[in-house]
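A short write-up of the structure that comes next.
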Ligand code: NAD
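In this note's numbering, the protein residues as written are 6 to 404.
Right, dumping it as structure tokens:
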């Protein structure tokens, strides 16, 4: 066995259960917290979902304020507005309630509020490789999608509105103090979002496992997540009220989050963020559009690992050779996209000329994020442009 060097960071408390959200007041009390600002999105308010979080807080006699202006793929300007509200009150913690967007917003607010005092007033000041280790106040995360895993990662992803760049911000300041992981909150997630967020989790697990920065603990979590997600993603998509599938997907998303937060993501995520920023494709969906082609490119760098992933997801049999299993991974991912009705970039409404024109900039932004350097096969900028082209052409050929 080779020598192991590993950093492993996770929330201090992970509460995973049906109805976990009902324990929010007890969790705050455990940490001596009592003055939360709840960060969420407008849909959580208008649909009434936010009550799942607010009612137990009110029952415990806590006065609660809400910032609900979060947008999908949160922007620097929204974070600044959130910090302005934060500075107006005497808050001692943030509760991120919702999908990855509200949770990432809460994390970024904590980071910006801490650094602003030292003159770092723009989110781009914190862009990786900067170590965003300081948060002005702790974040408690309650995910309602399964999911980004943001509830247990040391990352937040914020779009710079000046240049449409989705910036990766990394550090202990982004790591929640506690996470309440309650699959019952996901029954209402519509099938399209179930598929997109589920593929996001699957991509986290796969990339954590093949990453050059994988370690024994991230491997164990990634493999378990791939088993859970592979066996349940189609059922959760087809049967939103299926308890076993929703529970497995939620646990899989959290395990995948812990895995990639302590290993890394890789080329798929590096190439996916620019698609989200320039063409406003939901994060999991842009991952799905890329996943088969990028996996085909990457397999030669770590065939045994991709083969094991295929066996765990359920695309290959335990007795399949590595070459057979790795080939089945690619066809399995293509099939999964069809079964989950993943649209092609063109069917999603992206203009071919706009896609082509953005390819060099997207390749440059992908490389600058650092994620491609963790891929088992590290591409050049030209190769990334070629892969963006292949995703467009391949998608067109499959239509
Ligand atoms: P999201 O938070 O943007 O939510 C998508 C939509 O689903 C929204 O309209 C939301 O209102 C709705 N929704 C959420 N929960 C629901 C529920 N229970 N019922 C019905 N509707 C519900 O989407 P997401 O995919 O969860 O998060 C995406 C964001 O997370 C992106 O910005 C992405 O970059 C980021 N992300 C962060 C990390 C990290 O480690 N911090 C990892 C992956 C992705």
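Built from N, CA and C at the ideal position, the CB exists for glycine as well.
Quantities reported herein were computed from a predicted structural model and do not represent experimental measurements.
message: Looking at the strands, I want to know which residues DSSP matches up with residue 1.
response: Given a span of 6 to 404 for the chain in the structure shown, any question on residue 1 remains unanswerable.
- Query: If you drop the 5 nearest sequence neighbours on each side, which residues of the same chain put their C-beta closer than 6 Å to that of residue 88?
  - Reply: 114, 117 and 118
### Message
For residue 94, count the other beta carbons within 10 Å of its own beta carbon; 16 or more makes it buried, fewer makes it exposed. Which is it?
### Response
exposed
message = Could you tell me the alpha carbon to alpha carbon distance between residue 340 and residue 393, rounded to whole angstroms?
response = 20 Å
Quiz item: So does residue 77 have its beta carbon nearer than 6 Å to some heavy atom of the ligand NAD?
Solution: True, at least one ligand heavy atom lies under 6 Å from that Cβ.
Self-check item: residue 45 and residue 143 closer than 7 Å at C-beta
Solution: no
- prompt: What does a CB cutoff of less than 8 Å around residue 401 pick up in its chain, not counting 5 residues either side in sequence?
  reply: Residue placement at residue 401 is flagged as unreliable, the pLDDT there being 46, under the threshold of 50; a coordinate-derived value is accordingly withheld.
Quiz item: What is the residue span of the beta strand (DSSP E) that residue 71 lies within?
Solution: 70–72
| task | Pick helix, strand or coil for residue 186, following the three-state DSSP scheme. | result | strand
>> Quick check: does the Cβ of residue 105 come within less than 6 Å of any heavy atom belonging to the ligand NAD?
In response: yes
Cβ-based neighbour list, residue 362, same chain, cut-off 7 Å, excluding 5 preceding and 5 following: none
Q) Does the beta-carbon of residue 308 have 16 or more other beta-carbons within 10 angstroms, so that it is buried, or is it exposed? A) Result: buried.
Quick check on residue 131: buried or exposed, where buried means 16 or more other Cβ atoms within 10 Å of its Cβ?
buried
Considering Cα atoms alone, identify which of 222, 237, 164 and 168 is closest to residue 199. 237
*Since residue 75 and residue 103 are thought to touch, with beta carbons under 8 Å apart, how far apart are those beta carbons, to the nearest angstrom?*
7 Å
Review point. Is it the case that the Cβ atoms of residue 230 and residue 257 are separated by a distance below 7 Å?
Key: yes
Cβ of residue 109 within 6 Å of any heavy atom in the ligand NAD? yes
Query raised in the report: Would DSSP call residue 390 helix, strand or coil?
Result: helix
### Query
Sorted by chain position, which residues of the same chain lie with C-beta nearer than 7 Å to residue 323's C-beta, five sequence neighbours on each side aside?
316
Restricting to Cα atoms, I'd like to know which of 133, 48 and 41 is closest to residue 59.
Here the closest residue by C-alpha is 41.
Quiz item: For residue 326, is the beta carbon positioned less than 6 Å from some heavy atom of the ligand NAD?
Solution: Not under cutoff, so the answer is no.
Open item on the list: For residue 11, count the other beta carbons within 10 Å of its own beta carbon; 16 or more makes it buried, fewer makes it exposed. Which is it?
Closed with: exposed
Q) My guess is that residue 269 and residue 54 are in contact by the Cβ rule of under 8 Å, so how many angstroms apart are they, rounded? A) For a cut-off of 8 Å, the C-beta gap from residue 269 to residue 54 is around 32 Å, too long to register as a contact.
- Message: Closer than 8 Å is the cut-off here; do at least three beta carbon pairs connect the region 271–283 with the region 207–222?
- Response: yes
Open item on the list: Measuring CB atoms only, is the region 291–304 touching the region 170–189, in the sense that at least three cross pairs come out at less than 8 Å?
Closed with: The region 291–304 is not in contact with the region 170–189.
- Between which two residues does the beta strand (DSSP E) carrying residue 146 extend? Residue 146 -> beta strand (DSSP E) spans 144–148.
### Query
Would residue 151 pass as a contact of residue 49 if the rule is Cβ separation under 7 Å?
no
| Straight-line gap, residue 27 to residue 384 (C-alpha atoms, nearest Å) | 46 Å
| query | Under three-state DSSP, which class holds residue 180? | reply | coil
| query | Where does residue 243 sit, in a helix, a strand or coil, going by DSSP? | reply | helix
Would residue 138 pass as a contact of residue 101 if the rule is Cβ separation under 7 Å? no
If you measure between the beta carbons of residue 263 and residue 22, is that distance less than 7 Å?
no
| Would you say the beta carbon of residue 190 comes nearer than 6 Å to a heavy atom of the ligand NAD? | yes
**Request:** Evaluate residue 389 with the Cβ neighbour count: other Cβ atoms within 10 Å of its Cβ, from every protein chain shown; 16 or more gives buried, anything less gives exposed.
**Result:** buried
Does the beta-carbon of residue 332 have 16 or more other beta-carbons within 10 angstroms, so that it is buried, or is it exposed?
buried
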